[in-house]
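Residues 6 to 303 (my numbering) make up the sequence shown, in order. Glycine included, C-beta positions come from ideal geometry on N, C-alpha and C. Computed from a predicted structure; not experimentally measured. Step one of this worksheet: look at the structure below.
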Amino acid sequence: MGVSNYTEVDVREASRAFTGWTLGNKVPRLPYGRFSWSFEYREEDHDDTDKTFLGYTGNFGGEDIIDIILKEPATSRFICRHLYNFFVADEPQVPAWTIEPARDEEALEAMIDVFEESNYDMQAVLRFVFNSDFFKNARFEKIKSPAEVVAGTLRMVGQFQFPEPGLKDIGNQPTYMGQALMDPPSVEGWHTGSEWINSGSLLARINFVADRVADTTLPGVKSIVDKMKGDGISSSEQLLDACLDNMGYLVLNDETRDHLSQHAALAGNVDWSDESTTSERIGEMLALISATTEYQFA
């Protein structure tokens, strides 16, 4: 619902309504044992007295609280703005939503209409978003989260196919970039968008990606090289274009592209008779692209 739409009293009253909801299984004996989740409602543990929640009074249970929350217009707006922020384009940070207008009010209102008319069907609103023009036109409007940087890079380069030495440290990489997985700084979660980027986290992001895309022994990078060879890439400009396509169909600003184009031209045309050197050249260009501003966006 967002801040200012409920009170501390509402929180306490809601918690009373959810009394009796619990898990019915025991905690596993071993630290990595199977945890069979099973939900139980224990009527004897439920507070069956009247509660007052968001202006409504009655002997509410958990389902009643959910129904009341969904009746509030603030709920649909809050959920849909989160969906827009996650899938479409970066919004201001959540605490500012009470004073900062939505990035695209028309799109947000359309999402709210679909959400409410479908009886709060998440599948319906997501289908609407993914088929909308505002979604299709929103390329490179979101800064990648550290988790997206790490997962996307590993999928691209194919570094790990099975559990093996070095995989455990990968879980720490998002932390170095400012996102400790499963450990948000508060119940609010992480601040996203531009707040993912600072002088330290940017260096960690670039180094992580560059180290891997420059490693031409990795299967994903080797596949990029093989594809470029099969496509008959011969000029330095073609090499740059192919690398940009493989890094996400990136469109660079003119100044950055000129710098990369000049760098690629220093080595002349592509010589596939010396595939080892050409592979290193491609890996180097991929690494340089990973340091561009445009690569930080999705």
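Taking all protein chains shown into account, decide if Lys-147 is buried (16 or more other Cβ within 10 angstroms of its Cβ) or exposed.
buried
Roughly how many angstroms lie between the CA atoms of Asn-212 and Thr-222, to the nearest whole one?
17 Å
I'd like to know if the segment 13-27 and the segment 59-79 are in contact, where contact means that at least 3 CB-CB pairs between them fall below 8 Å.
yes
Is the separation between the beta-carbon of Gln-6 and that of Phe-83 shorter than 7 Å?
Checking the sequence, you will find Met at residue 6 rather than Gln. Yes, these two residues count as a Cβ contact at 7 Å.
With DSSP as the reference, label Gly-63 as helix, strand or coil.
If DSSP states are grouped into helix, strand and coil, Gly-63 belongs with the strands.
Between the C-alpha atoms of Ala-94 and Tyr-254, what's the straight-line distance to the nearest angstrom?
18 Å
Compute the Euclidean distance between the alpha carbons of Asp-231 and Thr-80, then round it to the nearest angstrom.
50 Å
The alpha helix (DSSP H) spanning Leu-88 covers which residue range?
78-92
State the Cα-Cα distance for the pair Lys-141 and Phe-92, rounded to the nearest angstrom.
11 Å
From the DSSP output, in three-state form, read off Phe-167 for me.
coil
Run through the segment 184-209 for me and flag every whole beta strand (DSSP E) of 3 or more residues, listed as ranges in chain order.
none
Once the 5 residues before and after Leu-172 are set aside, which same chain residues still bring their CB inside 8 Å of it?
Phe-165
For Leu-370, which of helix, strand or coil comes out of DSSP?
Past the boundaries of the shown model lies residue 370; the chain is included only from 6 to 303, so the question cannot be answered.
How would you call Ala-101, buried or exposed, if buried means at least 16 neighbouring beta carbons within 10 angstroms?
exposed
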